[in-house]
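Following: one structure in structure tokens, then a few remarks.
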Amino acid sequence: MPAALTSARHKVDDVAQAIEFCFEKGWSDGLPVIPPTEAGVRRMLDAAKLEPNHQVAYITHRAVAITAEKVAINALMAGCKPEYMPVVVAAVKGIGDPLWSYHGPGTSTGGAGVLMIVNGPIARELDVNAGDNLFGPGWRANLTIGRAVRLIMRNVCGSRPGILDRGTLGHPGKLSYVIAENEADSPWTPLHVERGFRPEQSTVTVMAANGPHQFYNQLSNTAEGVLTTLADDMRISGGVMGQPNYVVVLAGEHMHTIAADGWTKADIRRFLFEHTQSSHAHLKKTQRMSGALKPGDETQMRPLVESPDDILIVAAGGRAGAFSAYIPGWGSKRSSQAVTKVVGGE
Amino acid sequence: MIELLDPTVEATTQSVAFVPRPASLEGKRVALIENTKFNSDRLLQKIGEILKSEYGAAETRMWRKKNSSVPAHEEIIEEVCKTCDVVVAGVGD
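Going line by line, the protein sequences match chains A and B.
Going by my numbering, the first sequence opens with residue 1268, and the numbers climb by one from there.
Going by my numbering, the second sequence opens with residue 12, and the numbers climb by one from there.
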């Protein structure tokens, strides 16, 4: 006899009414949801091998426990297949981690999305897109896994736009913001291996993030050339003064150009750290740093991030096109850090 | 007929206040908790002055959080509980 589901129950006549009912109750992100029936929720829980009352995460700042039952209901509503559940569960653990620090990115006027980077074999098994149209539509796993996490933030943690989610602008990634690393074509160490996991493990890395910024360089055939353009684009970005985590997404052409020069991810990080610094004088003149100009400000430099390791490098995106992207993290690393959680192993 | 499971958490009622809200600020000691954002200290200072001059508060004292995105840390809360009657927690944004 499986454990009972304890959520409140609501009766409606048919599927059409169920979808409207979910809108009326304020349970939706603005798109229709899959009606959460017990049979569907059971399939989700079975796929994750979790008891309904299992606590997946505890959000200290909200004094809210996120149980497997609530994860399953919201994942079903988001349109997830049952086999996506372990990824959703890992991402929820990520946003429940004290280092991710829910209250800031969940609430802030800065309008953070939850960027999720999937690594390891599960990305291929679930067909999480790592290629063409990386941030765009077309892949069920990418669109529904992130949507599930946002619905959990809304329905379980109370992060409703205009109430406890006070994002001034927000961004489209707040609907879903999921990518995978293109480990099959990448010449580099995958993100999760750099962060201490084994290649055969699957992980989700969550980062509170602004939207992606695309940059263009079709002129250069050297690592330094491509990354010089990127650094120039990045230098004044995000909050500038906050020093958050950054993600840099290198797509096919740039990835091959940079790798052909023998540069590793560590080389890329060091170069970007050194070439994204701004002088105190510039930051003061452009009203980003407080205080009056003083001698030495022209030569005193402030790094965009605290350390090269705060830049996460991911190989992903289409094979054609001289485009890549950088993503400023929300706020500052003191307020929220990227966190990597293993998928499965409950 | 379809039965839907509720995706929200049913809140359990609990009191989270350290003390009941006072009827008046007359003679009360006011804690000002500043969130580190630019000018938030000046804003709270001004509010503190108004609470003294117009509402009869006895005194104000300011604390600074570790950063704006986290709750006030334990040391602040402990000391405020011992030395103050009411709290103004400000977001200087």
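Glycine is no exception: its CB is placed at the ideal position from the N, C-alpha and C atoms.
Exercise. Identify the contact partners of residue 1337 of chain A in chain B, using a Cβ-Cβ distance below 7 Å as the criterion.
Key: To locate residue 1337 of chain A, count along the first sequence from 1; it is residue 70. Those within 7 Å of residue 1337 of chain A in chain B are 18 and 20.
Exercise. In chain B, which residues lie with their C-beta within 7 Å of the C-beta of residue 1281 of chain A?
Worked result: Residue 1281 of chain A sits at position 14 when you count from the first residue of the first sequence. What residue 1281 of chain A touches in chain B: 13.
Collapsed DSSP secondary structure at residue 29 of chain B in the structure displayed: Translated into the one-based positions of the second sequence, residue 29 of chain B becomes position 18. Residue 29 of chain B falls in the coil class under three-state DSSP.
So, residue 1377 of chain A versus residue 1474 of chain A, is the Cβ gap smaller than 9 Å?
The sequence position of residue 1377 of chain A within the first sequence is 110, counting from 1. The sequence position of residue 1474 of chain A within the first sequence is 207, counting from 1. Contact flag unset, no.
Checklist entry - In whole angstroms, what is the alpha-carbon distance linking residue 1565 of chain A and residue 1546 of chain A? => result Against the first sequence, residue 1565 of chain A aligns to sequence position 298. Against the first sequence, residue 1546 of chain A aligns to sequence position 279. Their backbone Cα atoms lie some 6 Å apart in a straight line.
Contact check, residue 1630 of chain A vs residue 1296 of chain A under 8 Å by CB: the rounded distance? The shown model of chain A, from 1268 to 1613, leaves out residue 1630 of chain A, and the question about it has no answer.
| Backbone secondary structure at residue 13 of chain B - three-state DSSP | As a first step, residue 13 of chain B is located in the second sequence; it is residue number 2 there, counting from the start. For residue 13 of chain B, the secondary structure class from DSSP, reduced to helix, strand or coil, is strand.
message: For the alpha helix (DSSP H) containing residue 60 of chain B, name the first residue and the last one.
response: One-based indexing of the second sequence puts residue 60 of chain B at position 49. According to the DSSP assignment, residue 60 of chain B belongs to the alpha helix (DSSP H) that extends over 51-66.
_Inter-residue Cα distance where the pair is residue 1400 of chain A and residue 1584 of chain A_ = Taking the first residue of the first sequence as position 1, residue 1400 of chain A is located at position 133. Taking the first residue of the first sequence as position 1, residue 1584 of chain A is located at position 317. Looking at the two C-alpha atoms, the distance is approximately 7 Å.
Next on the checklist: Once the 5 residues before and after residue 1347 of chain A are set aside, which same chain residues still bring their CB inside 6 Å of it?
Outcome noted: Looking up residue 1347 of chain A in the first sequence gives position 80. Answer for residue 1347 of chain A: 1411 and 1415, listed in chain order.
* If you follow the beta strand (DSSP E) that residue 1331 of chain A is part of, which residue opens it and which one closes it? -> Counting from 1 along the first sequence, the entry for residue 1331 of chain A is found at position 64. First-last of the beta strand (DSSP E) with residue 1331 of chain A: 1331-1334.
Notebook entry, point to check: With 9 Å set as the bound, which would you pick, yes or no: does the beta-carbon of residue 1360 of chain A sit closer than that to a beta-carbon of chain B?
Noted result: Looking up residue 1360 of chain A in the first sequence gives position 93. Cβ-Cβ to chain B under 9 Å: no for residue 1360 of chain A.
| query | Is there at least one Cβ from chain B nearer than 9 Å to residue 1423 of chain A's Cβ? | reply | For the purposes of this step, residue 1423 of chain A is taken as the residue at position 156 of the first sequence. For residue 1423 of chain A, the answer is yes, since a Cβ of chain B falls inside 9 Å of its Cβ.
(request) Taking C-beta pairs closer than 7 Å, name the residues in chain A that residue 49 of chain B reaches, listed in chain order. (result) Indexing the second sequence from 1 puts residue 49 of chain B at position 38. Within chain A, the residues near residue 49 of chain B are 1557.
Practice task
Mind checking the segment 1291-1315 of chain A against chain B and listing, in chain order, the residues whose C-beta falls within less than 7 Å of any C-beta there?
Solution key: 1294, 1302, 1303, 1304, 1305 and 1308
Item checked: Coil, strand or helix - residue 1386 of chain A by DSSP -> To locate residue 1386 of chain A, count along the first sequence from 1; it is residue 119. The answer is strand: DSSP assigns residue 1386 of chain A an E or B state.
For this session: Please determine, among A:1336, A:1375 and A:1343, the residue with the shortest C-alpha to C-alpha distance to residue 78 of chain B.
Result: Translated into positions along the second sequence, residue 78 of chain B becomes position 67. The candidate whose alpha carbon is nearest that of residue 78 of chain B is A:1375.
Counted within 10 angstroms of its Cβ, other Cβ atoms place residue 1444 of chain A as buried (16 or more) or exposed:
As a first step, residue 1444 of chain A is located in the first sequence; it is residue number 177 there, counting from the start. Classification of residue 1444 of chain A: buried, given that the 10 Å Cβ count is 16 or more.
Practice prompt. Determine the chain A residues that contact residue 82 of chain B at a beta-carbon separation under 8 Å, and present them in chain order.
Written response: Here residue 82 of chain B refers to the residue found at position 71 of the second sequence. Per Cβ cutoff of 8 Å: 1328 and 1370.
- [ ] Could you pull the start and end residues of the beta strand (DSSP E) that residue 1515 of chain A belongs to?
- [x] Position 248 of the first sequence, counted from the start, is the residue given in the question as residue 1515 of chain A. DSSP places residue 1515 of chain A in the uninterrupted beta strand (DSSP E) bounded by 1513-1517.
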